[in-house]
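Trainee: Please read through the structure below; I'll follow up with questions.
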Amino acid sequence: MSRTLSGEGKQHHHALRMAPKGRPPPKARGQPPHPRRLSQHRPDGRAAGMMQPLARPLPYPSPDAQQRDAGQVVLVVRDLVVTTLIGIYDYEYVKPQRLRLNLELALTAATDQPWTHADLVATASRIVTDGHTNLLECLAERLATTLLSDGRAAMALIRLEKLDAFAECEAVGVEIVRAA
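The opening residue of the sequence shown carries number 1 in UniProt numbering; numbering runs sequentially from there.
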């Protein structure tokens with residue numbers, strides 16, 4: 001099935017054709033440049049949309065301060081590295097991978113046996129190493145459900161990262177925030 005374009009459509013179609021790699025796209029006469037093309041070439045010499053490594057890591061996000069009560073205690077576990085079987089590819093069922101866990105657990109005020117750092121590290125390590133998991137998202141949800149299930153915590157932030165997934169980056173991962 002073929003379509004015939006009107007004269008106006010042909011001009012517009014011509015203006016949107018792709019340029020050879022490394023050259024700016026052609027400009028349509030009398031039309032402003034397309035919004036995506038405005039930032040195609042940056043003053044610093046890199047193309048738009050290319051990610052550059054950060055000079056320093058961004059501060060680790062915390063559960064929303066507005067949802068916290070004044071004086072609420074938040075337990076923090078940073079950069080816990082655990083080896084486990086995770087992933088959907090065949091080799092991920094037999095080759096263990098390193099995961100980095102970052103956890104924040106906002107404790108509830110009324111409890112006689114609150115979470116401790118030792119409890120948090122032991123529980124997280126046990127859940128992560130307990131058999132094979134297909135997806136980081138599923139593992140993060142399982143961690144959040146367990147940590148919030150007994151009423152000792154009001155909110156959990158779980159960040160899981162695969163450290164060896166890609167050679168081009170330090171880590172890939174998922175982060176969730178859940179409330180009890």
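C-beta atoms are modelled at their ideal positions from N, C-alpha and C, and glycine is treated no differently. A quick note: this is a predicted structure, and the numbers were derived from the prediction, not measured.
From the DSSP output, in three-state form, read off Val94 for me.
Mentor: coil
Trainee: Just to confirm, is the Cβ distance from Val74 to Leu105 under 8 Å?
Mentor: yes
Trainee: Can you give me the Cβ contacts of Leu148 inside the same chain, cut-off strictly under 7 Å, excluding the 5 residues immediately before and after it?
Mentor: Ala156, Arg178 and Ala180
Trainee: Taking only runs that begin and end inside the UniProt domain "Dihydroneopterin aldolase/epimerase" (75-178), name each unbroken beta strand (DSSP E) of 3 or more residues, in chain order.
Mentor: 97-107 and 153-162
Trainee: Could you work out which residue in Gln72, Ile86, Val77 and Gly71 is closest to Val172 when comparing CA atoms only?
Mentor: Ile86
Trainee: Whole angstroms are fine: how far does the CA of Asp112 sit from the CA of Thr123?
Mentor: 19 Å
Trainee: Going by beta-carbon coordinates alone, are Leu143 and Val174 separated by less than 8 Å?
Mentor: Contact flag unset, no.
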